[in-house]
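When we follow my numbering, the leftmost residue of the sequence shown carries the number 7, and every step to the right adds one.
Even glycine gets a Cβ: it sits at the ideal position worked out from N, Cα and C.
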Amino acid sequence: MTGENAGPGLLIHAVVRNRVSEKALDALRGTGDGLEYRLVDIGGLAAVVTDALDAPDPPDMLRRHGRIVARLLRRSSVVPVPVGFGARDEGAVRAFLEGQRVLLFEALDYLDDGYELRLHLSARSGGHGQDQLRAVAHHVYEQLQGQARAARILSEGGTERLMSAAFLIPRSEWIRFVEQVADWEGRYPTVRMDVTGPWAAWDFVHIMPAGPPAATRGES
Numbered sequence: 007m008t009g010e011n012a013g014p015g016l017l018i019h020a021v022v023r024n025r026v027s028e029k030a031l032d033a034l035r036g037t038g039d040g041l042e043y044r045l046v047d048i049g050g051l052a053a054v055v056t057d058a059l060d061a062p063d064p065p066d067m068l069r070r071h072g073r074i075v076a077r078l079l080r081r082s083s084v085v086p087v088p089v090g091f092g093a094r095d096e097g098a099v100r101a102f103l104e105g106q107r108v109l110l111f112e113a114l115d116y117l118d119d120g121y122e123l124r125l126h127l128s129a130r131s132g133g134h135g136q137d138q139l140r141a142v143a144h145h146v147y148e149q150l151q152g153q154a155r156a157a158r159i160l161s162e163g164g165t166e167r168l169m170s171a172a173f174l175i176p177r178s179e180w181i182r183f184v185e186q187v188a189d190w191e192g193r194y195p196t197v198r199m200d201v202t203g204p205w206a207a208w209d210f211v212h213i214m215p216a217g218p219p220a221a222t223r224g225e226s
């Protein structure tokens, strides 16, 4: 969503509800990263932005962007924005928020009070045949799916990495989810089960630079 005749002057990191925007911004203050964080708001929505001139080169930009979104997530529900998502100025940011107002509110409602957890299932050496191991991976996924608000398979079919999946979990339930994974790993010791997160819901809501955010509802 950059201007047609000029490069982006601002980088958008996430969208939050305006009523919690100051609380979310507090999570970024005092971090010592030297960035000036600002809010651009309109109609109940607020975008968290920084100056594009302060952006480092990749991959530092990717790491910084991830840290910013993770800190915001501590204080509020967020719609994460892809790294490098730019706008010419505050007017362009407001135009984006206004143009996608309904979809952004739907995305915030969908993600409200939720974390994303990712589960990676891998074959341990000396385990059973691949077909049996993959069947175990799918069985575990299907059982855990019932504990999630939404779930989706990210990749599957590898020789060692059997499956990677994402789960949208209520914040109050994420530790219980990790414990359930440990229980399943105890039942199937030939499959290693690693949980990462909690993260913002990168795999469930996507904002495209040239279009609206699209909620990926997964297999709920």
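Spanning the alpha carbons of M199 and G50 requires a straight line of approximately 40 Å. Judged by pairs of C-beta atoms under 8 Å, the region 165-175 touches the region 116-129, as three or more such pairs exist. Cβ neighbours of Y147 within its own chain (closer than 6 Å, five residues either side excluded): A171.
Taking a C-beta distance under 8 Å as the contact criterion, L114 and V85 qualify as a contact pair. Here the alpha carbons of V21 and L109 stand approximately 12 Å from one another.
According to the DSSP secondary-structure assignment, T56 is paired through a beta bridge with L17.
In this structure, the beta-carbon distance from Y116 to V55 does not fall below 8 Å. Looking at the backbone, the Cα of A52 and that of S27 are separated by about 6 Å. Bridge partners of E122 according to DSSP: L174 and W205. Nearest C-alpha to P204 among W180, G163, D119 and G92: W180. The closest CA to that of G90, considering only D66, G97 and Q106, is found on D66. A distance below 6 Å between beta-carbons, with the five flanking residues on each side excluded, links K29 to the following residues of its chain, in chain order: R81. Within 10 angstroms of the beta-carbon of A143 lie 16 or more other beta-carbons, which makes it buried. At a Cβ-Cβ threshold of 8 Å, R167 and Y121 do not count as neighbours.
Residue nearest to H145 within the set E191, T202 and N24 is E191 (criterion: CA-CA distance). Within a 10 Å sphere around the beta-carbon of G105 sit fewer than 16 other beta-carbons, which makes this residue exposed. Leaving aside the five residues that flank V184 on each side, the residues in its chain whose CB is nearer than 8 Å to its CB run, in chain order, L123 and V201. Residue pairing by DSSP places R69 in no beta bridge whatsoever.
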